[in-house]
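Just so we're aligned: 32 in numbering that gives the first Met the number 0 is position 33 of the sequence shown, and the numbers increase by one with no gaps anywhere.
The next block holds one structure in the form of structure tokens; read it before the comments.
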Amino acid sequence: MLPSLREAEGLRFERGTDKCHETVCHGRNRFGPIFVSDILCQRVSRMRCFWHWDWHLDGI
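This is the structure:
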């Protein structure tokens, strides 16, 4: 399970990086869509490798 934004703030403080949860939220809102689009492009490119696979109904 992923930590909440406030828990992430505590983890970063323990590691010596002092950031508030608003900063973490801003970074997620700014860079999240970039990561999502990259992941989706990777999935689509993997699916295109199997373009020759096709579903066929059995004849009755």
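By construction, the Cβ of each residue, glycine as well, lies at the ideal position given by its N, Cα and C atoms.
Bear in mind the structure is a predicted one, so any value in this text is a computation, not a measurement.
{"Asked": "Any idea what DSSP makes of R14, helix, strand or coil?", "Found": "coil"}
{"Asked": "Count the other CB atoms, across all protein chains shown, that sit within 10 Å of the CB of E13; report buried if there are 16 or more and exposed otherwise.", "Found": "exposed"}
{"Asked": "What is the DSSP secondary structure of C40, counted as helix, strand or coil?", "Found": "helix"}
{"Asked": "Measure the C-alpha to C-alpha separation of C40 and H20 and round it to an integer number of angstroms.", "Found": "29 Å"}
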